[in-house]
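Data first, discussion second: the structure below is written as structure tokens.
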Amino acid sequence: MRKLFTASNILEAQLLDLMLRNSSIRSHVKNDRLQSGVGEIPFVEMWPEVWILEAEHWVKATEILRQFQQTRVTDDWVCPHCSEANPGTFETCWSCAKV
Ligand SMILES: [Zn+2]
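For the sequence shown, this note's numbering assigns the number 333 to the initial residue and increments by one for each residue that follows.
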């Protein structure tokens, strides 16, 4: 396993994870429980991390990371159907696939 990216919030980590999975790259999000189980984990120094499981996927994963970071310049929007936040470049909701 190799760490690809340290996200500033869990949503960012999950979106990158989704993009990787859509490209058939096996990935794993660590420290993804920040916002659940209040009181269990100190809310400090526990940034979500996206890890790549297969070494052969690394180069492609870094290309996806670059695309992902370019998408961050646009404003996020919140899906009216499921209340999930989406990057501005997503035309349909990543969670429920509705506009
Ligand atoms: Zn939705």
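Positions of the beta carbon are idealized from the N, C-alpha and C atoms, including for glycine.
Taking just the CA atoms, how far does residue j sit from residue i?
i: P412; j: K392; result: 33 angstroms
i: E395; j: T338; result: 16 angstroms
i: Q346; j: T424; result: 16 angstroms
i: D407; j: R398; result: 17 angstroms
i: H360; j: M351; result: 12 angstroms
i: E386; j: V410; result: 33 angstroms
i: A356; j: P419; result: A small fix is needed here, since residue 356 is Ser in this sequence, not Ala. C-alpha separation (whole angstroms): 21 angstroms.
i: K312; j: N354; result: Because residue 312 is not part of the residues shown, which for the chain are 333 to 431, the question remains open.
i: D349; j: E388; result: 17 angstroms
i: F422; j: F400; result: 11 angstroms
i: I342; j: Q402; result: 18 angstroms
Near residue i, which residues of its chain fall below 8 angstroms by C-beta distance, leaving aside the five closest residues on each side in sequence?
i: W379; result: T338, A339, S340 and N363
So if DSSP puts residue i in a beta bridge, which residue, or which two residues, is it bridged to?
i: V361; result: V382
By alpha-carbon positions, which one of the options ends up nearest to residue i?
i: C414; options: S427, F400, S356 and G420; result: S427
i: L336; options: A429, K430, W383 and F400; result: W383
i: R334; options: E381, T421 and Q402; result: E381
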